[in-house]
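Novice:
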Amino acid sequence: MRIFSLAPAEALRSAAQNVNKPAYERLRGPETGLVMLRGRTGGGGEAFNVGEATVTRCSVRLASGEVGHAYILGRDGERAECAAWLDGLWQNPATRATVEDRVLAPLAAAIAAEERTVAAKSARTKVEFFTMVRGED
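Per the working numbering, the very first residue in the sequence shown carries number 73; after that it's consecutive.
1. My guess is that Leu179 and Ala83 are in contact by the Cβ rule of under 8 Å, so how many angstroms apart are they, rounded?
2. Taking the DSSP output, what are the residues bridged to Met73?
3. Can you give me the C-alpha to C-alpha distance between Ser77 and Arg206, rounded to a whole angstrom?
4. Over what stretch of residues does the alpha helix (DSSP H) that includes Glu186 continue unbroken?
5. For the alpha helix (DSSP H) containing Thr167, name the first residue and the last one.
6. Report the CB separation of Leu134 from Trp162 in whole angstroms; it is logged as a contact under 8 Å.
7. From the beta carbon of Thr197, is the nearest beta carbon of chain D less than 8 Å away?
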């Protein structure tokens, strides 16, 4: 589910075309709501509310009985529905390998490449702080 939620909308839709779309019924949504984002002072201190984020969720039941779920940051209901039926296909032992090879592997590679690009860009701005000790007379 992580890969489906992190994948850009166009990449997810493109990868989904590599498998046969199953027959399914919507159980929930797609529906959009808010979640509260929490943070911690200094990464480990007292918790506080940072703000709210929009999330779209969807649940579907495939004709074969598997129930797929998706939670997507943002308001793209079509993307959430696509991720939900892909999640359902992945849960089916008969289609799991196909989904992993044709959908998850390409999406994971694209996400990893994007993460490396972002890390490389931010590495150029990294500042190393150090303390110089004065000699005591």
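In this text, a Cβ means the ideal position worked out from N, Cα and C, and glycines have one as well. All values reported here derive from a predicted model rather than from experimental measurement.
Specialist: Reading off the structure:
1. 6 Å
2. None, per the DSSP bridge assignment.
3. Computed Cα separation, rounded: 51 Å.
4. Ala177 to Ala195 is the extent of the alpha helix (DSSP H) around Glu186.
5. Per DSSP, Thr167 belongs to no alpha helix (DSSP H) and is neither H nor E.
6. Contact flag wrong, Cβ pair sits at about 11 Å.
7. The displayed structure is made up of one protein chain only, and chain D is not part of it.
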